[in-house]
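Working notes, structure below.
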Amino acid sequence: GGASGSDEGKGGAKQLKVAALFSGSATDADYNSLGLLALDAAKKDLKAETAHSESVPVPDAERVMKEYLADGYNVIWSHGSQYFEATSKLAKQNPNVTFIGEFDDKPKEPLKNLWVLDRNFHVAFYPIGILAGAATKSGKIGYVGGLSLPFSYSEVHAMNQALKDSGSSAKITPVWTGDFNEPAKAQQITTQLIGQGNDVIVGSLNLGMVGAFQATKGKSANVVVTAKYTDKSQFDPEHYATSTIYDFTKPLNDMITKIQGGTTSGYYPLGFDSGVSIQEPKNVDPAVAAKVDKAVADIKSGAITVEKNLTPIK
Amino acid sequence: MNEATSFLQLVVTAMVPFILAAQGTMIAGRAGVFNVAQEGLMMLGASVGFLVSLKMGGNLVGLLVAALVGAAFGWFLGWVTTRFRLDQFVIGLALFFAATGIASLLYKVVIGVTLKPPLIDTLPDLEIPLLSSIPVVGTVLFTQDVMVYFAFLVSGLLYWMLYRTNLGLKLRSVGENPKAADSLGVSVARTRIWCSTAGGALMALAGAYLPMTYTGTYTEGIVAGRGWLAIALAFFGGWRPQYILAGSAFFAGMEVLALRVQVGGVDIPHQFISMLPYAATLLVMMFALRWASVPAFLGRNYDRESRH
Amino acid sequence: MTTTATPPTTTAPAKPAGRRGTDLSWTVLSYALAVLLAFVVSGIVIAALGHSPVDAFRAILTTSFKSSFGFVETVQKWVPLVLLTLAFTIPLAAGKYNIGGEGQLLVGATAAAAVGIILKDAPMVVLLPLVLLVGVLAGGVYAWIAAWLMDRFGVNEILSTVLLNFVSFGIVDYVASEVWSDPAAGHPTTVPIGDGGLLPLVGTPPMHTGVVLAVLVCAATVVVMRRTVPGFELRAVGTNPRAAQVHGVRIGRVAVGSLVVGGALAGFAGAIEVAGVHGKLIEGMQSNYLLLGIIIGLIARGNALAVPFVAFGIAVLEVGASAMQRTADVPSEMVLIVEALILLFLLFSDVVGTRLRRSSR
Amino acid sequence: MTSVDETRREVREGASGPLLTMEGIRKTFGSVLALDGVDLTVGRSEVHGLLGGNGAGKTTLMNVLYGLYRPDSGSVVLDGSPVDIRDPRDAISHGIGMVHQNFLQVDTYTVTENVVLGTSLPSWPSLDLDDPAERIAELSKRFGLTVDPHAKVATLSVGLRQRVEILKALYRGAKVLVLDEPTTNLTPQEVDSLFGSLRAIVDEGMSVVFITHKIRETMAVCDALTVMRDGKRVGTVRRADTSASELATLMVGDDAAVGRVTEVVTAGMGAAAGTAATGAPARDLGDAPVRVSVRDLVVLGDHGVPATHGVSFDIRRGEVVGIAGVAGNGQVELAEAVAGVRALEKGAVEVDGEPLAGRPTAVWLESGVAYVPEDRHRDGILPSASIMENLVLGAQRSVRFRKGPFVDWKAARRHAEEAIRAYSVKASGPSAPAAALSGGNMQRVILARAFSHRPGFLILHNPTRGLDIPSTQFVYDRVREAAAEHSAVLLMSEDLDELTHLCDRVLVLYSGRIVGERTRGHYDQYELGHLMAGLEDTA
Ligand SMILES: Nc1ncnc2c1ncn2[C@@H]1O[C@H](COP(=O)(O)OP(=O)(O)OP(=O)(O)O)[C@@H](O)[C@H]1O
Ligand SMILES: Nc1ncnc2c1ncn2[C@@H]1O[C@H](COP(=O)(O)OP(=O)(O)OP(=O)(O)O)[C@@H](O)[C@H]1O
Ligand SMILES: [Mg+2]
Ligand SMILES: [Mg+2]
């Protein structure tokens with residue numbers, strides 16, 4: 010059978026077969042759609058043969074990747090840090106296939122055939138923290154997360170750093186809905202955050218974000234909301250402030266090109282010059298927007314180093 | 075608006091899907107049809123309700139079509155379990171699978187991949203004249219969207235129909251002792267099919283409400299187990315509309331309260347807070363013997379020529 | 013008047029010896045027919061969506077067999093499926109609906125992982141049995157909560173087991189993100205358990221030996237159900253609880269016992285997933301095993317002998333499902349529809365079969 | 050809806066000729082031929098008896114008439130015109146009413162709700178039951194069927210529930226009223242009152258089909274009767290032209306067979322109750338010691354209220370003690386309590402000197418208690434299990450059928466083969482499922498199980514209900530045998546004929562108390578009926 014496919018054709022200009030794993034539906038207009046767009050771009054630009062699996066539960070990731078291996082795919086991209094464990098495990102077992110894994114840190118022991126994409130979510134949350142601190146009048150900022158994962162903690166820490174750096178005394182209340190994709194809970198919890206006087210809501214959710222916007226949409230409340238991954242302004246143009254925009258097209262293109270060139274391993278940190286941007290803030294003072302721009306510029310220039318702190322917040 | 079009012083308003087909104095799905099479960103169950111496809115039918119209702127509202131413009135059309143689709147599923151369950159006496163549990167699960175699959179498939183086919191998901195308007199609040207100006211109550215109960223009124227109205231109507239009309243007398247007898255009902259000329263099959271149809275419609279409406287109040291769009295996690303909880307709620311409410319209404323308030327209250335506790339900054343891990351509603355329900359059930367009855371023929375098919 | 017929801021037991025009545033042969037062939041025929049029809053109908057849907065039904069079904073049906081790796085994956089998937097099916101059918105034999113296999117699996121897995129992490133330096137002879145045993149115990153205890161509520165307070169077991177599933181999600185999330193969280197996992201996941209707690213692997217590609225344990229459990233279930241006194245009493249309660257009670261069987265105990273045993277098997281499944289597949293506790297590791305288990309149990313009509321085979325069929329389907337999406341680009345939701353159709357047609361073929369059989373007499 | 054008055058007018062004005070004719074009715078259940086081309090003709094204003102042993106097909110025939118069963122073939126003519134009855138709704142609209150053998154009532158409803166169920170009400174859509182309740186009261190009065198229209202049926206006695214059933218039919222304006230074995234469970238006095246009501250009903254122009262297997266009853270109330278056997282009609286006669294012994298011969302088949310089952314047939318044959326079975330003189334038990342002692346027994350019913358209030362009695366070795374009473378007076382609870390199935394609230398039960406109160410059922414079984422429950426389908430058998438498994442049930446933990454934790458199926462099979470032979474069970478073998486057995490054969494299996502325990506104390510509750518004549522005789526023989534082997538036998542039956550026939554002593558149970566006792570030689574059924582109805586013991 011095709012099980013031996015991964016062993017043959019070493020080196021040379023072999024046909025690229027790229028497979029991707031997504032955690033949810035690729036039509037989510039969020040993290041997974043971004044993944045599919047990047048994959049489609051790779052297909053077009055690099056003439057790669059591509060395939061993907063949607064809604065792959067974490068425990069199934071290993072099996073699904075093995076199936077791609079068996080089908081002779083030679084680049085396997087698992088889109089989401091929840092797959093990183095399974096990905097590095099398979100990378101060790103399949104030295105002839107190149108894997109692209111996502112992670113929220115620099116791995117301690119790099120593998121020869123594993124590209125690590127560090128999403129560095131904290132970096133983008135520093136300017137968000139600047140924005141929140143500058144925009145809040147009540148001094149209360151609500152952070153709505155899903156699961157309390159290390160990367161979520163790093164986002165809150167980065168915001169706190171920003172508040173501290175900018176001399177703001179505003180306080181962040183982090184809350185967790187328990188699910189990145191549960192909009193109803195996000196709506197309820199956001200409503201209550203606003204009720205408690207929080208006037209900047211920082212969302213770190215996937216599909217749940219849609220619910221958070223419904224808490225403000227059509228309401229006269231003096232609140233701004235920030236989101237993650239994609240432009241979400243249409244959900245509530247009145248209260249939408251900004252979003253940390255991610256683009257996986259360039260990183261994926263870069264990595265695959267390198268892989269074609271024979272570099273089968275590396276560390277690819279996301280940052281403001283590689284796939285991340287902050288959308289032009291709306292509904293806030295131009296002065297606030299300027300502070301955000303400055304923060305981004307400072308991070309790019311190295312004037313500011315955003316500390317990556319993955320430890321739980323007390 | 076003060077804190078308590080906004081809290082109660084959230085609770086009332088959160089009650090709606092519970093009320094509709096559980097009353098749908100109840101009405102089918104009172105006639106003996108045990109529907110277990112709630113979770114799927116709610117997904118389908120959400121998907122269809124959203125897509126139709128989007129494409130045909132107007133939430134009411136969306137709600138109507140969602141109800142019709144749910145009714146079709148309910149009808150199918152009623153029909154095959156009476157006409158062919160197929161196992162209700164198995165058919166229910168099959169319908170759950172089918173509805174779940176179709177819900178996402180429809181969205182994929184109609185919308186596809188986009189970074190700008192289309193949105194519909196959520197349901198506007200309708201202030202009931204006079205009543206809405208009562209302090210607190212007016213805001214909590216009478217400044218709500220149309221589905222809130224509908225859910226309460228349906229509960230009231232179901233109560234009235236079950237206990238105050240001849241139709242209800244017949245309906246309940248079909249779930250308690252179908253043979254007796256049959257021997258008196260009450261059509262067991264027809265009653266069951268109708269109730270199951272109505273139940274399916276209510277479940278789909280429960281689902282359709284979610285995009286129309288919480289998101290303005292269909293998302294895959296939108297139902298998030300509320301369908302399964304509706305089954306629990308039907309048992310919790312002893313299969314009676316008035317207790318189900320009370321139970322919905324309890325479930326929804328717990329759901330919102332659990333989040334409120336976090337927002338208030340109570341130092342309990344959020345995972346424990348999220349267990350609160352379920353654990354509380356179990357605790358309440360320990361003292362619920364008095365009202366926790368179940369229709370005698372729930373889930374059992376009736377065969378006129380069998381001796382049992 | 014009975015006040016519990018007890019749809020008639022799904023266990024098929026025993027058949028007179030003489031007709032067994034023809035009945036078996038009828039059964040096989042009706043199963044085959046149902047699967048065939050389900051594929052035809054979903055094939056039409058797939059074609060209507062603009063994909064190739066042939067590719068789709070080739071993927072579904074061959075993934076498990078075209079490579080030894082696919083086969084191993086299928087077998088490993090079969091393990092939790094078969095155990096969760098038994099977790100459903102054993103209480104069902106006593107007329108109780110255990111809808112809590114999901115929670116019992118998770119709690120079993122949590123306990124197994126906890127032991128594996130706490131005693132991570134213990135040698136295998138100590139740790140592995142301990143990990144499995146604790147998983148079994150935890151699953152049993154978790155089911156016992158529902159059983160106790162049922163026995164002591166008359167709380168309907170469908171209600172309590174459903175609610176306990178939701179509670180277990182919180183438990184797993186807490187343990188995997190707060191207690192022994194692995195910060196590098198990017199998902200609520202615990203750190204790995206000690207090597208001594210891992211089930212040995214055999215063959216290439218490696219297959220965990222939990223499979224053997226599951227086979228043993230299946231065999232033991234059949235023997236216990238058919239040959240032993242408790243099995244006999246369980247079946248007696250299942251076929252007629254009143255008669256069993258009148259003849260000295262303590263039906264309350266049997267019902268409670270069956271739920272606890274069911275929970276223990278689900279907990280065992282959790283422990284095997286931890287010790288054999290993941291090596292740790294992962295949020296979401298329950299997958300959709302609960303629903304598939306119920307479906308398998310119902311398709312097999314509660315027959316302990318049929319369960320492993322039906323479970324294998326569903327495992328093939330599940331493993332094939334993702335392959336279908338990969339290779340034929342058919343949306344994975346299609347598999348749900350195929351499964352629903354198989355169930356529907358299976359029941360229908362039963363009706364048709366009964367009618368044919370009757371008219372052929 | 051037609052009212053009773055309109056019915057009467059219609060019938061009076063209608064053509065002459067029979068009111069109802071059923072022709073060539075054939076009905077099969079799977080492979081069982083239940084009705085084999087049966088004809089039935091019921092005249093106007095007559096009580097028509099439908100007589101036959103159990104399983105003869107009486108109920109099936111009437112269920113066909115009522116639209117509950119679809120016949121394979123045959124036709125029904127009502128009032129001169131052929132009718133097609135597809136379901137009970139059709140039957141009701143044609144003026145057919147039926148009181149079923151097992152009452153079909155919704156327990157949680159009131160009398161009025163049960164009666165109006167399925168009819169349309171003028172108060173549509175709301176449910177206003179005042180007018181119907183009044184009409185029910187009026188009908189009750191007119192036909193001597195008094196019952197409180199507002200009572201929940203679950204709280205009513207069997208006799209009253211039966212009235213509700215008849216009222217249901219009358220309320221719907223029945224022209225033909227079918228009563229399926231209505232006298233089971235009634236005291237002789239209640240039977241008389243029922244017969245009075247039936248006469249009142251036919252006097253108003255309706256006809257009644259009265260199903261029974263008691264010759265005496267048909268002789269008491271019927272104008273004409275049809276005898277059925279094995280799914281066939283074996284004859285239709287006018288009461289005036291026949292005799293009890295002719296009917297017995299028709300029922301059983303031939304004179305020789307009558308001889309073999311005399312006891313059973315004669316028990317229900319006497320021309321009037323009371324005169325027939327005063328019974329043989331008392332049997333001499335000598336100074337046989339007490340084997341079973343029951344003291345101050347209090348047991349709770351299913352709803353948590355006491356069902357018996359301090360019942361005490363002794364049974365001696367070899368003695369057969371009967372419990373008479375109208376169903377619902379605590380029989381089930383008493384039977385289950387002394388069988389160790391239901392927990393005792395208070396009191397003591399000793400078997401052979403061993404106190405058993407508070408012990409698990411299994412211990413009672415080991416101590417020699419054997420119980421043949423009233424409802425064999427519900428309490429007696431495991432339908433989908435084999436005969437062999439059914440015979441093991443209750444003894445699965447005894448050494449006879451056990452090897453360590455395993456059931457010794459070899460021993461079980463040997464035992465089953467033996468039992469099938471000894472009890473003449475008609476079955477394909479030990480592996481045949483119990484559900485496939487006929488009622489009589491099922492009861493044989495249950496008896497075989499009870500007797501294989503070599504019972505010291507045998508409790509039988511309605512052991513012959515639903516059995517055909519030979520099977521009933523078989524049960525009678527076994528009871529005698531058990532007594533001869535020194536068992537203490539407690540026989541609870543709703544059939545007074547059976548009690549007076551078999552028992553050395555009859556205790557009357559009313560409202561959970563023993564209200565009277567009669568010994569063999571002093572039986573008078575009216576007197577017993579008097580006690581059963583809760584009236585003072587005048588003896
Ligand atoms: N629903 C049924 N399913 C299968 N067989 C049936 C059914 N009803 C009746 N029979 C069979 O039909 C035959 C006639 O039964 P039926 O109940 O009419 O007898 P019966 O004369 O009313 O007896 P009884 O005096 O016991 O009431 C019996 O062999 C019985 O087993
Ligand atoms: N529910 C049922 N469904 C199908 N067949 C049945 C059912 N109940 C009984 N039968 C069949 O009907 C037949 C007669 O049953 P029934 O109990 O009425 O017998 P019977 O004529 O009264 O015999 P007996 O003299 O032993 O009492 C049995 O052989 C059995 O196979
Ligand atoms: Mg019979
Ligand atoms: Mg009968």
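Chain order of the listed sequences is P, W, U and C.
Position in the first sequence counted from 1, then plus 9, gives you the numbering used here.
Position in the second sequence counted from 1, then plus 74, gives you the numbering used here.
Position in the third sequence counted from 1, then plus 12, gives you the numbering used here.
Position in the fourth sequence counted from 1, then plus 49, gives you the numbering used here.
Just so it is clear, CB atoms sit at the ideal spot from N, CA and C, and this is done for glycine as well.
How is C/G515 classed by DSSP in three states: helix, strand or coil? Secondary structure at C/G515: coil, using DSSP grouped into helix, strand and coil.
In whole angstroms, what is the alpha-carbon distance linking U/N168 and U/L277? 21 Å
With a threshold of 8 Å, establish whether the CB of C/F78 neighbours any heavy atom of ligand 1. Placement of the Cβ of C/F78 at a distance of less than 8 Å from at least one heavy atom of ligand 1 is found.
Taking the runs of the beta strand (DSSP E) that are 3 residues or longer, which of them lie wholly in the region 329-400 of chain C? 339-349, 355-365, 369-373, 395-400
When the cut-off is 9 Å and only beta carbons count, does P/H61 lie next to chain U? Chain U contact via Cβ: present.
Any heavy atom of ligand 4 within less than 6 Å of residue CB: hits in chain order: Taking every residue with its beta carbon within less than 6 Å of a heavy atom belonging to ligand 4 gives, in chain order, C/K107, C/T108, C/Q150, C/D229.
Tell me whether C/H262 counts as near ligand 1, meaning its Cβ is closer than 8 Å to at least one heavy atom of that ligand. yes
So, with DSSP's three-state summary, where would you put P/W185? strand
Quick check: W/A168 and U/L171, are their CB atoms within less than 9 Å of each other? In this structure, U/L171 does not lie closer than 9 Å to W/A168 by Cβ.
I need the straight-line Cα distance from W/G295 to P/A221, nearest angstrom please. 14 Å
Interface partners of C/G443 on chain U, CB under 7 Å: H259, G260
Quick one: using the 10 Å Cβ neighbour count with 16 as the cut-off for buried, is C/R365 buried or exposed? buried
Which chain U residues sit within Cβ distance under 9 Å of P/A79? T75, K78, S79, F81, G82
Report the three-state DSSP secondary structure of C/E403 (helix, strand or coil). strand
Straight-line Cα distance separating C/R191 from C/A474: The sequence given here has Val at residue 474 of chain C, not Ala. Taking the straight line joining both Cα atoms gives about 50 Å.
Check: C/G280 C-beta below 8 Å from any heavy atom of ligand 1: yes
Give the residues from the region 251-279 of chain W that approach chain C closer than 8 Å (Cβ to any Cβ), ordered along the chain. N251, K253, A254, A255, D256, S257, L258, G259, V260, S261
In chain order, which alpha helix (DSSP H) runs of at least 4 residues are fully inside the region 158-232 of chain W? 162-184, 211-216
Please list, in chain order, the chain U residues whose beta carbon lies closer than 7 Å to that of W/T412. Residue 412 of chain W cannot be examined here, being either before or after the span of chain W that is shown, 75 to 382.
Using C-beta distances below 7 Å, list every residue in its chain close to W/A332, excluding the 5 sequence neighbours before and after it, in chain order. I347, S348, L350, P351
For the alpha helix (DSSP H) that contains U/K89, what are its first and last residues? 80-105
Report the residue from C/A444, C/A223, C/I430 whose alpha carbon sits nearest the alpha carbon of C/Y115. Considering only alpha carbons, the answer is C/A223.
Does DSSP classify W/K110 as helix, strand or coil? Checking the displayed sequence, the identity of residue 110 of chain W turns out to be Val instead of Lys. Of the three classes helix, strand and coil, the one that applies to W/V110 here is coil, per DSSP.
If you reduce the DSSP assignment to three classes, tell me which class W/P351 lands in. helix
For chain W, find out if any of its Cβ atoms is closer than 9 Å to the Cβ of C/T233; answer yes or no. no
Contiguous beta strand (DSSP E) assignments of at least 3 residues, all confined to the region 234-294 of chain U: none
Just checking: is the beta-carbon of U/A105 within a distance shorter than 9 Å of some beta-carbon in chain C? no
Opposite C/H97 in the DSSP bridges: which residues? C/V258, C/A273
Closest by CA to C/T291, which one among C/L274, C/G280, C/R282? Closest by alpha carbon: C/L274.
Where U/V342 sits in the DSSP three-state scheme: In this structure, U/V342 counts as coil in the three-state DSSP scheme.
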